[in-house]
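Inspection log for the structure reproduced underneath, given as structure tokens.
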Amino acid sequence: MELNGNSIRIFLDGAEKPAIAFEDPNPIGPGLVGLRTWGSDASFRNLVVEGSGGKIEPAFQPDPRDSQIRSLSGMWEPVTDGNAVPSLSWDDALPFHASHAQRIEKADGSGAGAVGIANRGLNRWGLTFRKGKTYVGHLHAKQEGSSGNLIVALQSADGSRTYASKRIGPIGAEWSRLDFVLKSSETDTNARFAILVDAPGKVWVDMAYLSGTGDELFKGLPFRGDIARALQQEGLTALRYGGSMVNAPGYRWKTMIGERDRRPSYRGTWYPYSTNGFGIEEFVQFCRAAGFEPIVAINIEETPQDAADLVDYLNGPITTEWGKRRAENGHPEPYGLKYIEIGNEEATNAHYLERFKLLYEAMRPRDPRVEYIIGAWWEYKNPISKRIVEELNGKAALWDLHVGGDNPREGAAVDAMVRRMRELVQQWAPGTALKACILEENGGHHDLARALGHAGILNAAQRHGDFVLIQCPANCLQPWKQNDNDWDQGQLFFTSSQVWGMPPYYAQQMAASVHLPWRLESQVKSPGDDLDLAATGDEARSTLVLKVVNAGNAPHRSEINIEGFGPVETRADVLQLTGAALNDRNSPEEPEKIRSTRSSFDQAAERFYYEFPARSYTILRLRHR
9 MELNGNSIRI FLDGAEKPAI AFEDPNPIGP GLVGLRTWGS DASFRNLVVE
59 GSGGKIEPAF QPDPRDSQIR SLSGMWEPVT DGNAVPSLSW DDALPFHASH
109 AQRIEKADGS GAGAVGIANR GLNRWGLTFR KGKTYVGHLH AKQEGSSGNL
159 IVALQSADGS RTYASKRIGP IGAEWSRLDF VLKSSETDTN ARFAILVDAP
209 GKVWVDMAYL SGTGDELFKG LPFRGDIARA LQQEGLTALR YGGSMVNAPG
259 YRWKTMIGER DRRPSYRGTW YPYSTNGFGI EEFVQFCRAA GFEPIVAINI
309 EETPQDAADL VDYLNGPITT EWGKRRAENG HPEPYGLKYI EIGNEEATNA
359 HYLERFKLLY EAMRPRDPRV EYIIGAWWEY KNPISKRIVE ELNGKAALWD
409 LHVGGDNPRE GAAVDAMVRR MRELVQQWAP GTALKACILE ENGGHHDLAR
459 ALGHAGILNA AQRHGDFVLI QCPANCLQPW KQNDNDWDQG QLFFTSSQVW
509 GMPPYYAQQM AASVHLPWRL ESQVKSPGDD LDLAATGDEA RSTLVLKVVN
559 AGNAPHRSEI NIEGFGPVET RADVLQLTGA ALNDRNSPEE PEKIRSTRSS
609 FDQAAERFYY EFPARSYTIL RLRHR
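For reference, each letter of the sequence shown is one residue, going 9 to 633 in my numbering.
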């Protein structure tokens, strides 16, 4: 492999021409060398690294901790608080519930002190503990030849400081659940949670859980309060629980209910291990608490009986078998789910059509109020698309249209796509009530360019507001520096201690804050077609909102003509999002580098001029005088 600036060339088997030649748009500069085999079971030999300073051989030295690390669950690390050496095993012999349990052994004569394992959170960010706050948790454990106790502790990243600890037990020879409460003596945003053994013997642990309490949670539910409140502040009205995760063969709703520790794990679409600790029911609970309309997607290979049982579980009275099961699981009242999407990005073929009909016919009688969404690709040149429209006429309420999102001019492309879809749907099934929704507005970025693209798609959706009924960008949430699938497109980012919006978050918030239900006729002309416009109003004809995206690199001084609205107050409210460069984004260090601003404009009239800045999203709210 040859690296030269942002050029990467890979040669196989001594060939003169590269098998792969790639220009990396975001090259990594000089420094250390790492080797990763993502999603592959691979090994290497005769590996040499050669640079301007000569060869580095052997390039990769074995880590003396490898034997321990290979015997440890990937998100944990071995720890000691003395000179004792732990013996660890990721044991698949008799786990509590999943595929493995973690064995921790302190042998006789292994040294003084405790041994164990510690977790520093996703990507080893460091967990956040705050002084005076209480943290609750539990784990499942069993033992062989030990004193029958474990120590759980909140510690600094290196273990040199302990903020809270508790000895829990006794532990028997069979699996049992141990609960604990810890109150932190200090604030630390780079901490760890440790599980320690300080007496000779073997202890197995599994399904460890740790949570904040009080205002760190959202309305008493096991969801982070700061994240939930930030989503509410964004102005969301609908959330979708779907995407490629629902395509995994093991994604089945009946594995997602009941005691979370005992739910069977499965191999996910993106990762080999999914716990099912957060499933459809938790998602619906969160949405109802937050005031969002939940939309859930199911796997198309669910059995018709299981699909029907899902409707009873979520919406049925407690007189039904599965409504009773919901009540037993702690929620007597029906959830009142309105939307179910059948599949996600499914192949547009006869198999999908038949599966939709089978599941629909089973679910529909259980609650006729539920509306069903087509989850196959919209491929208008595919003859099956016409069959889907014809045969699902009167059954499906919406077809989920997936679009791009990174291009600041995306609104025009989506506008054309929706217009064509609308024409064909009416042509294939005249008078049909089938409409569209956009439940994945996808991209690869979370910068200003994506914000402008999102604003343009919102404009396009509003221009077709009687046909496109729901618009959801992906992704809602993204952990900082966690992106293993190249969709680096979150609107709200978070670490264990911080939550902040990216530029698309503010575009969404701006549009939501001035939403009006009436679509108004509008036209726009600009050099290079840089401007994108949507106009809305209220039924009382008292307020007019103009939403304008300037995708160009130059400002546009535009003449605005308003007809049929009547006299306009001279003072208009202005919301605006702009930045110096399209790749501008926010970070933990600068969480509000790019955000919306509020101001006023004092020269509004039925005809006036306004300058839209380069690379901007501007909302003008005008009032009738």
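Here a beta-carbon is modelled for each residue, glycine too, at the ideal position from N, C-alpha and C. The structure presented is a predicted model; accordingly, all values stated were derived computationally and were not measured.
How would you call PHE104, buried or exposed, if buried means at least 16 neighbouring beta carbons within 10 angstroms? So PHE104 ends up on the buried side.
Output the distance between the C-alpha atoms of LEU247 and THR277, rounded to the nearest integer angstrom. Rounded to the nearest angstrom, the two C-alpha atoms are 20 Å apart.
Taking the alpha carbon of GLY452 as the point to measure from, which residue in ASN491, GLN151 and TRP436 has its own alpha carbon closest? Selected option, being the one with the closest Cα: ASN491.
Just curious, the beta strand (DSSP E) that ASP474 is in, first and last residue? Unbroken run through ASP474: none, as it is neither H nor E.
Sequence-distant residues of its chain with Cβ nearer than 6 Å to ALA256 (five each side left out): Within the same chain, Cβ atoms closer than 6 Å to the Cβ of ALA256 are found at GLY276 and THR277, the five residues on either side in sequence being excluded.
Inter-residue Cα distance where the pair is PHE620 and VAL553: Here the alpha carbons of VAL553 and PHE620 stand approximately 15 Å from one another.
Check this for me: beta carbons of PHE502 and PRO512, under 8 Å apart or not? Cβ distance not < 8 Å, so PHE502 and PRO512 don't count as in contact.
For MET215, name the three-state secondary structure that DSSP assigns. MET215 falls in the strand class under three-state DSSP.
Rounded to the nearest angstrom, what separates VAL205 and ARG53 at their Cα positions? VAL205 and ARG53 have their C-alpha atoms some 38 Å from each other.
Less than 7 Å between C-beta atoms, sequence neighbours within five positions excluded: which residues of the same chain meet that for LEU218? The residues are TYR143, GLY145 and PHE201.
With DSSP run on the structure shown, which of helix, strand or coil describes CYS484? If DSSP states are grouped into helix, strand and coil, CYS484 belongs with coil.
Straight-line gap, ILE16 to ARG428 (C-alpha atoms, nearest Å): Computed Cα separation, rounded: 41 Å.
Can the beta-carbon of GLY684 be found closer than 8 Å to that of TYR347? In this structure the chain extends from 9 to 633, so residue 684 is not present and cannot be described.
In chain order, each beta strand (DSSP E) run of at least 3 residues that lies wholly inside the region 545–586: Runs found: 551–558, 564–569 and 580–586.
Sufficient close CB pairs (3 or more, under 8 Å) joining the region 381–399 to the region 348–356: Verdict: yes, contact present.
To the nearest angstrom, how far is it from the Cα of VAL319 to the Cα of ARG260? Distance between VAL319 and ARG260, taken at the CA atoms: about 14 Å.
For the alpha helix (DSSP H) containing HIS410, name the first residue and the last one. It is not in any alpha helix (DSSP H) - HIS410 instead sits in the beta strand (DSSP E) that spans 404–411.
What does ASN12 pair with, by DSSP beta-bridge criteria? For ASN12, the beta-bridge partners assigned by DSSP are SER15.
On the DSSP bridge list, what partners appear for GLN163? For GLN163, which the question treats as bridged, DSSP gives the partners THR170 and ARG200.
Relative to the C-alpha of ALA622, which residue among ARG633, GLY587 and SER608 is closest? Answer by Cα proximity: GLY587.
ASP49, buried or exposed, once every other Cβ within 10 Å from all chains shown has been counted against 16: Classification of ASP49: exposed, given that the 10 Å Cβ count is below 16.
Neighbour-count burial assignment, PHE30, 16 or more Cβ in a 10 Å radius: Only exposed fits PHE30, as fewer than 16 other CB atoms lie within 10 angstroms of its CB.
Classification of LEU40 by the beta-carbon crowding that lies within 10 angstroms, buried from 16 upward: Burial call: exposed.
For PRO312, name the three-state secondary structure that DSSP assigns. Here PRO312 sits in helix by DSSP.
In this structure, does DSSP put VAL56 in helix, strand or coil? In this structure, VAL56 counts as coil in the three-state DSSP scheme.
Proximity winner among ILE288, LYS365, GLU577 and PHE364, relative to TYR343 (alpha-carbon distances): It is ILE288.
Starting from LEU367, follow the alpha helix (DSSP H) in both directions and report where the run begins and ends. LEU367 -> alpha helix (DSSP H) spans 358–371.
Please name the residue, chosen from VAL422, ASN323 and VAL576, that lies closest to PRO373 on a Cα-to-Cα basis. Per the Cα distances, ASN323.
Ignore the nearest five residues each way along the sequence and tell me which others in PRO599's own chain have a CB closer than 6 Å to its CB. Only TRP508 meet the Cβ criterion.
Determine the DSSP secondary structure at GLN151, reduced to helix, strand or coil. DSSP places GLN151 in strand when its eight states are reduced to three.
Does the region 451–471 come close enough to the region 412–427 that 3 or more CB-CB pairs lie under 8 Å? Judged by pairs of C-beta atoms under 8 Å, the region 412–427 touches the region 451–471, as three or more such pairs exist.
From the DSSP output, read off the bridge partner residues of HIS146. Paired residues: ASP187 and TYR217.
Start-to-end residues for the beta strand (DSSP E) that takes in SER97: Run containing SER97: 95–99, per the beta strand (DSSP E) assignment.
Apply the 10 Å Cβ neighbour rule to ARG593 and answer buried if 16 or more other Cβ atoms are within range, or exposed otherwise. ARG593 is buried by the Cβ-count criterion.
Residue nearest to PHE226 in terms of C-alpha spacing, selected from ALA216, LEU239 and MET215: Relative to PHE226, the option among ALA216, LEU239 and MET215 whose CA is nearest is LEU239.
Whole angstroms are fine: how far does the CA of ASP408 sit from the CA of GLY299? Rounded to whole angstroms, GLY299 to ASP408 spans 22 Å at the Cα level.
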